[in-house]
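In mature numbering (1 follows the signal peptide of the UniProt record, and there is no 0), the protein residues as written are -30 to -1, 1 to 211. Ideal Cβ placement from N, Cα and C applies to all residues, glycine included. This one's a predicted model, so the numbers in the text were calculated from it and none came from an experiment.
Below you can see the structure in the form of structure tokens.
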């Protein structure tokens, strides 16, 4: 499966190497925050002071009805970001979109056609814009991809076909305040999804910082079993600035 997208395989190998070789004390301290990501009794809330002391980029993460937890950035493989979401759980994102997970039952393990994700184009146009009049005419609004949902049974992954469409005409600007108490001007984008089999419809929402194009917040459909995942930037990754 991973042969369809070699950088995913490389990222996983690098992540495993880091894990096996031992974490430095700063990362180990940050990882302690994530250790019970799916069994925490209540939401984690970091103070601005605690956030400023973090040595690593971090984001809040919440799976549907689960308490909010924190994931910390482990590795950047040419824009494919691997986040530690627990002692063994990994969530990988590209331009703020979740593209695969490891050791999360019912989570996506593969997404095809990543190079055609419209968020990449929107991000570029936001960065290049000289004012608020962002021209997205060069960006495709549609994106068709396949995803594979992991299964504990070998060779029994579920394959789904997803057609997504952004409505750039409904793009709005909002001011949002993040957990570090900094306020940013953000562009809000919605993506309507049609999922096969089942022919059901869901919607993703992304808030991109107007200046850098990085995703500050998101609400994304994760999988049939786990529903939606929400993310919110806690401490920015300098590679996205």
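For a quick check, are the C-beta atoms of residue 184 and residue 93 less than 9 Å apart?
yes
Is residue 66 helix, strand or coil when you go by DSSP?
coil
Three-state class that DSSP yields for residue 211 in the structure shown:
coil
CB-CB under 6 Å to residue 121, same chain, minus the five flanking residues each way: which ones, in chain order?
127
Straight-line CA distance for residue 119 to residue 46?
23 Å
Measure the CB-CB distance between residue 115 and residue 89 and report whether it falls below 9 Å.
no
Could you give the C-beta distance for residue 153 and residue 145, rounded to a whole number, given that I count them as a contact under 8 Å?
6 Å
What residue does the beta strand (DSSP E) around residue 102 start on, and which one ends it?
That residue, residue 102, is in no beta strand (DSSP E); it is neither H nor E in DSSP.
Would you kindly work out how many angstroms separate the C-alpha atoms of residue 71 and residue 78, rounded to a whole number?
6 Å
Do the CB positions of residue 43 and residue 28 come within less than 9 Å of each other?
yes
What whole-angstrom Cβ distance do residue 181 and residue 18 have, given they're in contact under 8 Å?
Contact flag wrong, Cβ pair sits at about 21 Å.
So residue 187 and residue 160 are in contact, right, with Cβ under 8 Å, and what is the actual spacing, rounded?
13 Å between Cβ atoms; not a contact.
Looking only at its chain, what residues have a beta carbon closer than 6 Å to the beta carbon of residue 171, apart from the 5 residues adjacent to it on each side?
164
Taking 7 Å as the limit between beta carbons, can you name the residues of its chain near residue 193, skipping five residues before and five after?
76, 77, 78 and 119
Option nearest residue 149 by Cα separation, candidates 34, 99, 74 and 30
30
Where does residue 118 sit, in a helix, a strand or coil, going by DSSP?
strand
Where does the unbroken beta strand (DSSP E) through residue 52 begin, and where does it stop?
50 to 54
State buried or exposed for residue 190, treating a residue as buried only when at least 16 other CB atoms are found within 10 Å of its CB.
buried
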